[in-house]
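Engineer: Take a look at this one; I'll ask things after.
In our numbering, the protein residues as written are 4 to 237.
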């Protein structure tokens, strides 16, 4: 009986000692599986982070290129407005020539006066001119037209040879047609007869070229704006 009891106790003790070992083995495999899952999740997260970093880098590059493109476009527009670029487009041409039927023998050779040329340019601008050149000289905001030793000069270029061609580019073909009709009945063009000159207004063309301003643009009486370092009003 005693032997049977001892045997039963040994069997129970053996089972009690053995069960944790089986459970520990199961927990180890579970831990390994959990660890593998964590590693897979970590790997996925790293891939997502890398992908997002690449997207951010691409976005920053595109944004930088976009800024540069905007700056280039703005610079091109400013050059266009300042007359620093050659321009092509629809428009008309005018030809200033001596009116030989009005010239009397012994008269001085005819010449274009600065005032008459300015009046003509004002008339063109009034009726839709966007870009203008006179005898190959681009007309811009700082263009100077004046008489030097009885010779009219534009941007320093002498207007002493005829015919003098005036090229005018407009917004579109319709605007060119309107400008043509206006100039055909313009009194300013007729006033050139006073100086024994005539202005011929030619039919609109679909493609004219107005050259760029070639000289250096000089800006006078301009200083940088001074700002307070603090940025406040006080």
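C-beta: ideal position from N, C-alpha, C; glycine also. Source: prediction; values computed, not measured.
Can you check whether the CB of residue 99 is closer than 8 Å to the CB of residue 202?
Structural biologist: In this structure, residue 99 lies closer than 8 Å to residue 202 by Cβ.
Engineer: Can you check the region 93–173 for any beta strand (DSSP E) of at least 3 residues that lies completely inside it and give the ranges in chain order?
Structural biologist: 134–137, 140–142, 148–151, 154–157, 167–172
Engineer: Terminal residues of the continuous beta strand (DSSP E) containing residue 193?
Structural biologist: No beta strand (DSSP E) contains residue 193, which is instead part of the alpha helix (DSSP H) from 190–194.
Engineer: Looking only at C-alpha atoms, which of 148, 119, 169, 210 sits nearest to residue 190?
Structural biologist: 119
Engineer: For residue 216 and residue 161, what's the separation of their Cα atoms in angstroms?
Structural biologist: 16 Å
Engineer: Apart from the five residues on each side of it in sequence, which residues of its chain come closer than 7 Å, Cβ to Cβ, to residue 175?
Structural biologist: 93
Engineer: Taking residue 178 as the reference, give the member of 131, 82, 114 with the closest Cα.
Structural biologist: 131
Engineer: In chain order, what residues of the same chain have a beta carbon less than 7 Å from the beta carbon of residue 237, not counting five sequence neighbours either side?
Structural biologist: Confidence at residue 237 is low in this model, with a pLDDT of 45, below 50, so its placement is unreliable and no value can be given for it.
Engineer: Quick one: Cα of residue 113 to Cα of residue 168, how far?
Structural biologist: Between residue 113 and residue 168, the alpha-carbon positions lie close to 16 Å from each other.
Engineer: With a threshold of 8 Å on Cβ separation, who are the neighbours of residue 198 within its own chain once the five nearest residues in sequence on each side are excluded?
Structural biologist: So the list reads 113, 114, 115, 116, 119, once near-sequence residues are dropped.
Engineer: Alpha carbon to alpha carbon, how far is residue 85 from residue 75? Give it in angstroms, no decimals.
Structural biologist: 15 Å
Engineer: Measuring straight from C-alpha to C-alpha, what distance separates residue 51 and residue 38?
Structural biologist: Put simply, the backbone Cα of residue 51 is about 20 Å away from that of residue 38.
Engineer: Assuming contact is defined by CB atoms lying nearer than 8 Å, are residue 91 and residue 210 in contact in what I supplied?
Structural biologist: In this structure, residue 210 lies closer than 8 Å to residue 91 by Cβ.
Engineer: Would you call the CB atoms of residue 153 and residue 213 closer than 8 Å?
Structural biologist: no
Engineer: Quick one: what's got a C-beta closer than 6 Å to residue 134's C-beta in the same chain, skipping five residues either side?
Structural biologist: 90, 172, 213
Engineer: Assign residue 234 to one of two classes, buried (16 or more other C-beta atoms within 10 Å of its C-beta) or exposed (fewer than that).
Structural biologist: Note on residue 234: pLDDT 48, under 50, position unreliable in the model; no value is reported.
Engineer: Can you tell me whether DSSP reads residue 82 as helix, strand or coil?
Structural biologist: Reduced to three states, the DSSP call for residue 82 is helix.
Engineer: Quick one: using the 10 Å Cβ neighbour count with 16 as the cut-off for buried, is residue 183 buried or exposed?
Structural biologist: buried
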